[in-house]
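Since the structure comes first, as structure tokens, the remarks are kept for the end.
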Amino acid sequence: MAEPISVLFVCLGNICRSPMAEGVFRSLAASDPRVGKIDSSGTGAYHTLEPPDSRTMATLRKKGITDYDHGARQVEETDFREFDYIFAMDRHNLRDLERMKRRVEKSGSCKAQVMLYGHFSGTGKEEEVVDPYYGANKGFDTVYEQVNRFSTNFLKEVVNKDQPKVSS
């Protein structure tokens, strides 16, 4: 069996979108032996060690994810060596991550594939996850819907792509 796939979710401050993606993905992949390390971080250090936004946590609880715990952190150069996939929530985060990846590649090895998480939208078009921080609670429901869909598609298209289909 191949090494388990490791995944890092990244947004700006690591209190809304990326922890939502991490919580949802952890829940969906909980019993999948093909998934290893899962984490989230931010491109900025604005909220280091703070818990996720209360609206993020309320949305996760509303969807039955009650065991998620996280302290915000900033993405580090070592993440590019430790994770197989680093998923940006929007194109601004993606540009920041691609810039960091180029620096890491100059100083040594880098195994991470850096991409927009919305690549797994299932619509044929890449989607951005819009930051809900300054908006109403409905924005957090939208983020949940997106990251749940992206997570499901990533698991199906990448993690479990070579698994035999189970017939009923």
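Going by numbering that gives the first Met the number 0, the first residue of the sequence shown is number 0, and it counts up by one from there.
Glycine residues also receive a C-beta, built at the ideal position from the N, C-alpha and C atoms.
All values derive from a computational prediction rather than experimental measurement.
Asked: Can you have a look at R21 and say buried or exposed, based on whether 16 or more other CB atoms are within 10 angstroms of its CB?; Found: Position check: residue 21 holds Glu in this sequence, whereas Arg was assumed. Answer is buried; the Cβ neighbour count reaches 16.
Asked: Would you say the beta carbon of M114 comes nearer than 8 Å to a heavy atom of the ligand COA?; Found: Of ligands this structure carries none, so the ligand COA is not represented either.
Asked: In this structure, how does DSSP classify S167 when only helix, strand and coil are distinguished?; Found: A caution first: S167 carries a pLDDT of 46, below 50, which makes its placement in the model too unreliable to give a value.
Asked: If you run the structure through DSSP and keep just helix, strand and coil, what is F8?; Found: strand
Asked: Taking DSSP's pairing of strands, which residues face I85 in a bridge?; Found: L7 and V113
Asked: Quick one: give me the first and last residue of the beta strand (DSSP E) that G41 is part of.; Found: V34 to G41
Asked: On a CA-only basis, which of G138, V9, V128 and E104 is nearest G43? Give me that one, please.; Found: V9
Asked: Can you check which of these residues, A57, P50, K124 and I64, is closest to G41 by C-alpha distance?; Found: P50
Asked: I'd like the span of the alpha helix (DSSP H) that includes P18, first residue to last.; Found: R16 to A28
Asked: Let me know if K133 comes out buried or exposed under the rule of 16 or more other beta-carbons within 10 Å of its beta-carbon.; Found: Residue 133 is actually Tyr in this sequence, not Lys. That one is exposed.
Asked: Quick check on this structure: which residue in S120, A57, Y116 and T122 has the alpha carbon closest to the alpha carbon of V6?; Found: Y116
Asked: Could you name each continuous alpha helix (DSSP H) segment of 4 residues or more that falls completely within the segment 96–159, going from the start of the chain to the end?; Found: 137–153
Asked: Please tell me whether V23 and V129 are closer than 9 Å, where the distance is taken between their beta carbons.; Found: no
Asked: So, is Y223 buried or exposed, given that buried needs 16 or more other C-beta atoms within 10 angstroms?; Found: No answer is possible for residue 223: it lies beyond the span of the chain, which begins at 0 and ends at 167.
Asked: Among residues of its own chain, excluding the 5 on either side of D38, which ones have a beta-carbon nearer than 7 Å to its beta-carbon?; Found: L7 and E21
Asked: Just reading off the alpha helix (DSSP H) that T65 is part of, what are its end residues?; Found: Element bounds for T65: n/a, residue is neither H nor E.
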